[in-house]
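2 protein chains.
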Amino acid sequence: MNVVHYTPIGLVHSPFTEISGMPIQPTAAQGVRGSVVLNSEFAAGLRDIEGFSHLILIYHLHLVREFSLSVKPFLDDDEHGIFATRAPKRPNPIGLSVVRLVARNEASLDIENVDILDGTPLLDLKPYVPQFDAPDNVRIGWFGGRLSRIRQARSDDRFG
Amino acid sequence: MNVVHYTPIGLVHSPFTEISGMPIQPTAAQGVRGSVVLNSEFAAGLRDIEGFSHLILIYHLHLVREFSLSVKPFLDDDEHGIFATRAPKRPNPIGLSVVRLVARNEASLDIENVDILDGTPLLDLKPYVPQFDAPDNVRIGWFGGRLSRIRQARSDDRFG
């Protein structure tokens with residue numbers, strides 16, 4: 006299939022300068038502050054963003070060098086197909102996090118609950134709207150019974 | 006910034022063969038069936054996906070030809086910054102939908118609540134996990150008071 010080309014619209018900044026020791030998901034990154042700095046040419050695209058409490062960030066997992074179709078996630082002891090996990094070693098290393106929007110200053114957004122590596126290239130951001138993004142009656146597969154581990158679990162080097 | 010290259014992992018199939026008349030979001034596409042067909046080389050990556058009721062699809066909005074930083078969305082009469090909307094004419098035309106997983110057959114997934122154009126290139130799919138993806142205490146900006154329009158609203162050609 007045709008290759009798709011994207012140019013990052015900005016960068017995500019966070020306290021996490023290396024993969025090792027990072028929280029696994031925003032759930033485990035409660036209160037961690039960071040920022041999104043868009044290229045100034047895109048600032049006009051943020052008009053009215055202040056009305057939203059949460060944003061969906063879509064970003065390039067720029068340190069992922071290769072993919073694995075089967076992985077043992079941080080939260081489990083069993084292997085699963087990569088698409089049944091949130092692990093980074095995906096065929097297209099695209100990350101997704103729902104973060105809290107704290108404030109906007111021109112092309113810069115202060116955000117909270119950040120589980121993203123400092124310097125990560127941002128591809129897109131969208132307003133989080135529960136009526137679109139949060140269905141009811143959800144089953145969570147192998148994550149059931151594993152989520153209690155999430156506040157302890159930290160990233161190691163296995164996905165570098 | 007460095008350009009990012011992705012190769013689609015498969016295609017999304019749906020009853021929607023043209024943009025005009027499409028539902029705006031999965032909310033308005035309740036019960037609409039479609040499928041994801043991964044390239045067969047990625048089938049192993051779906052192991053254990055059957056345990057999840059909902060998937061996050063990340064796809065390339067392949068018919069979008071240019072971007073606008075300010076748009077008038079289908080649901081509103083006022084202009085907003087593109088990043089404060091879910092409109093497709095984004096600097097990087099990346100789409101995101103949470104769909105219901107109905108069944109898996111090898112590299113193919115039957116899905117429901119599909120608001121995606123037939124033949125759309127799929128970049129990634131992830132299991133939807135409310136504990137990661139559905140925060141509490143959400144404010145939805147200009148969408149407040151507009152969501153009642155969503156079941157009537159249909160796409161027109163303005164974003165082609």
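Quick note, the sequences are listed as chains A and B, same order. Quick note, in the working numbering, the first sequence goes up one by one and the last residue is 165. Quick note, in the working numbering, the second sequence goes up one by one and the last residue is 165. We put the CB at the ideal spot given by N, CA and C, even for glycine. Nothing here was measured: the structure is a model prediction, and the numbers come from that model.
Where residue 48(B) falls: helix, strand or coil (DSSP): The residue labelled residue 48(B) in the question sits at position 43 within the second sequence. If DSSP states are grouped into helix, strand and coil, residue 48(B) belongs with the helices.
Endpoints, alpha helix (DSSP H) assigned at residue 123(B): Position 118 of the second sequence, counted from the first residue, corresponds to residue 123(B). Careful: residue 123(B) lies outside any alpha helix (DSSP H) and carries neither H nor E.
Residue environment, residue 45(B), which counts as buried when at least 16 other CB atoms sit within 10 Å: Along the second sequence, one-based indexing puts residue 45(B) at 40. Exposed, since its Cβ has fewer than 16 Cβ neighbours within 10 Å.
Unbroken stretches of the beta strand (DSSP E), 3 residues or longer, contained in the stretch 71–128 of chain B: Complete beta strand (DSSP E) runs here, min 3: 99–110, 113–117.
Beta-carbon separation (whole angstroms), residue 122(A) vs residue 15(A), contact threshold 8 Å: Stepping through the first sequence from its first residue, residue 122(A) is reached at position 117. Stepping through the first sequence from its first residue, residue 15(A) is reached at position 10. The beta-carbon separation of residue 122(A) and residue 15(A), rounded to 15 Å, does not stay under the 8 Å limit for a contact.
Chain-ordered chain B contacts of residue 130(A) [CB-CB under 7 Å]: Against the first sequence, residue 130(A) aligns to sequence position 125. Residues of chain B with a Cβ closer than 7 Å to the Cβ of residue 130(A) are, in chain order, 88.
Cβ-based burial, residue 118(A) [other Cβ within 10 Å; buried from 16]: As a working mapping, residue 118(A) is identified with position 113 in the first sequence. Looking at its Cβ environment, which holds 16 or more other Cβ atoms inside 10 Å, residue 118(A) is buried.
CB contact below 7 Å: residue 112(B) versus chain A: Counting from 1 along the second sequence, the entry for residue 112(B) is found at position 107. It does not: the Cβ of residue 112(B) has no partner Cβ on chain A nearer than 7 Å.
Touching by the beta-carbon criterion (3+ pairs, under 8 Å), the stretch 27–44 of chain B and the stretch 76–83 of chain A: With contact defined as three or more Cβ pairs closer than 8 Å, the stretch 27–44 of chain B and the stretch 76–83 of chain A are not in contact.
As assigned by DSSP and simplified to three states, the class of residue 28(B): One-based indexing of the second sequence puts residue 28(B) at position 23. Looking at residue 28(B) - three-state DSSP - the assignment turns out to be strand.
Inter-stretch contact (C-beta, 8 Å, three-pair minimum) for the stretch 127–138 of chain B and the stretch 46–64 of chain B: The answer is yes - the stretch 46–64 of chain B touches the stretch 127–138 of chain B, with three or more Cβ pairs under 8 Å.
Check whether residue 39(B) and residue 116(B) have beta carbons under 7 Å apart: Taking the first residue of the second sequence as position 1, residue 39(B) is located at position 34. Taking the first residue of the second sequence as position 1, residue 116(B) is located at position 111. Yes, these two residues count as a Cβ contact at 7 Å.
When 107(B), 32(B), 74(B) are compared against residue 101(B), the one with the closest alpha-carbon: Reading the second sequence from its first residue, position 96 is the one you call residue 101(B). Across the set 107(B), 32(B), 74(B), the C-alpha of 32(B) shows the shortest separation from the C-alpha of residue 101(B).
Interface partners of residue 75(A) on chain B, CB under 9 Å: What you label residue 75(A) is simply residue 70 of the first sequence in a count that begins at 1. What residue 75(A) touches in chain B: 49, 50, 52.
Below-7 Å beta-carbon distance, residue 79(A) vs any chain B residue: Taking the first residue of the first sequence as position 1, residue 79(A) is located at position 74. At a cut-off of 7 Å between beta-carbon atoms, residue 79(A) makes no contact with chain B.
Of the residues 29(A), 19(A), 99(A), 98(A), the one placed nearest residue 78(A), counting alpha carbons only: As a working note, residue 78(A) is residue 73 in the first sequence. Distance from the Cα of residue 78(A) is smallest, within the candidate group 29(A), 19(A), 99(A), 98(A), for 29(A).
Contact with chain B by residue 2(A), beta-carbon distance below 7 Å: The structure shown has nothing for residue 2(A), since chain A only spans 6 to 165.
Nearest-angstrom Cα separation, counted from residue 6(B) out to residue 71(B): For this step, residue 71(B) is matched to residue 66 along the second sequence. For this step, residue 6(B) is matched to residue 1 along the second sequence. If I take the Cα positions, the gap works out to 19 Å.
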